[in-house]
Amino acid sequence: MEQNPQSQLKLLVTRGKEQGYLTYAEVNDHLPEDIVDSDQIEDIIQMINDMGIQVMEEAPDADDLMLAENTADEDAAEAAAQVLSSVESEIGRTTDPVRMYMREMGTVELLTREGEIDIAKRIEDGINQVQCSVAEYPEAITYLLEQYDRVEAEEARLSDLITGFVDPNAEEDLAPTATHVGSELSQEDLDDDEDEDEEDGDDDSADDDNSIDPELARENLRNYALSTL
């Protein structure tokens with residue numbers, strides 16, 4: 216007949232009191248199947264250690280056992296019941312994926328403004344590294360120049376090809392332009408920003424091509440093409 220979780224833990228602690236130790240394998244074999252959360256298992260092992268029962272990787276030598284007190288504790292079964300009472304109510308709750316996720320999320324600090332800036336800088340650095348690598352790839356250079364020829368022939372929009380030019384000598388002044396979960400910005404500020412974006416949406420779409428100077432684009436791309444020859 217299958218033992219219930221309380222009986223299993225009582226047996227485990229009683230055995231540990233009698234031996235003076237337990238191995239991790241013994242703990243694993245006697246734990247109820249419902250206890251799968253790593254934090255919960257660590258709590259049980261810690262409580263077993265607090266009872267004076269050492270939890271070891273392997274069984275100690277016989278000489279070491281002779282030095283240890285090897286008497287059965289009459290309160291071992293009661294101690295096991297106390298261990299179980301602290302975790303039995305958790306069984307089923309912590310194995311629910313949604314509850315486990317929500318509990319873990321509660322331990323994560325909200326993203327601060329400084330944290331947003333740091334993440335934005337790291338993202339920007341990563342994008343720049345990718346762009347620099349792509350810019351050195353011959354096929355990418357050929358594709359860029361071919362697409363610019365389509366722009367010159369009025370078959371494509373300049374803004375669809377180029378968003379701007381990077382000045383390697385310019386000082387970085389990066390601030391995050393988007394707010395993510397955990398932001399310290401108030402919801403009112405976020406709503407105001409969204410309203411302004413919606414109002415300006417039509418004007419921006421009409422002026423996309425005017426945001427880049429065509430003459431500057433032509434000059435930079437010609438210089439770029441010459442530098443690759």
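Those letters in the sequence shown? Residues 216 to 444, per my numbering, in order.
In this text, a Cβ means the ideal position worked out from N, Cα and C, and glycines have one as well.
For residue i, collect the residues of the same chain with a Cβ closer than 8 angstroms to its Cβ; drop the 5 residues on either side in sequence, then sort them by chain order.
{"i": "P429", "result": "L373"}
{"i": "E273", "result": "T238"}
{"i": "M271", "result": "Y236, L237, T238, Y239"}
For a quick check, are the C-beta atoms of residue i and residue j less than 9 angstroms apart?
{"i": "M360", "j": "L431", "result": "It should be noted that the sequence gives Leu, not Met, for residue 360. Their beta carbons are not under 9 angstroms apart, which means L360 does not touch L431 by this criterion."}
{"i": "I259", "j": "G231", "result": "no"}
{"i": "V381", "j": "Q344", "result": "no"}
{"i": "L246", "j": "L227", "result": "yes"}
{"i": "E367", "j": "R433", "result": "yes"}
{"i": "I342", "j": "Y439", "result": "no"}
{"i": "I334", "j": "L326", "result": "yes"}
Identify, in the order they occur along the chain, each residue of the same chain with its Cβ nearer than 7 angstroms to the Cβ of residue i, setting aside the five sequence neighbours on each side.
{"i": "P275", "result": "Y236"}
{"i": "L376", "result": "Q362, Y363, V366"}
{"i": "I338", "result": "none"}
{"i": "V349", "result": "A355"}
So, is residue i buried or exposed, given that buried needs 16 or more other C-beta atoms within 10 angstroms?
{"i": "L441", "result": "exposed"}
{"i": "Q261", "result": "exposed"}
{"i": "E331", "result": "buried"}
Here's a check: name, in chain order, each residue in its chain whose Cβ is nearer than 6 angstroms to the Cβ of residue i, leaving out the five neighbours to either side.
{"i": "A371", "result": "R365"}
*With a floor of 4 residues, list each alpha helix (DSSP H) that falls wholly inside the stretch 331-374, ordered by position along the chain.*
353-367
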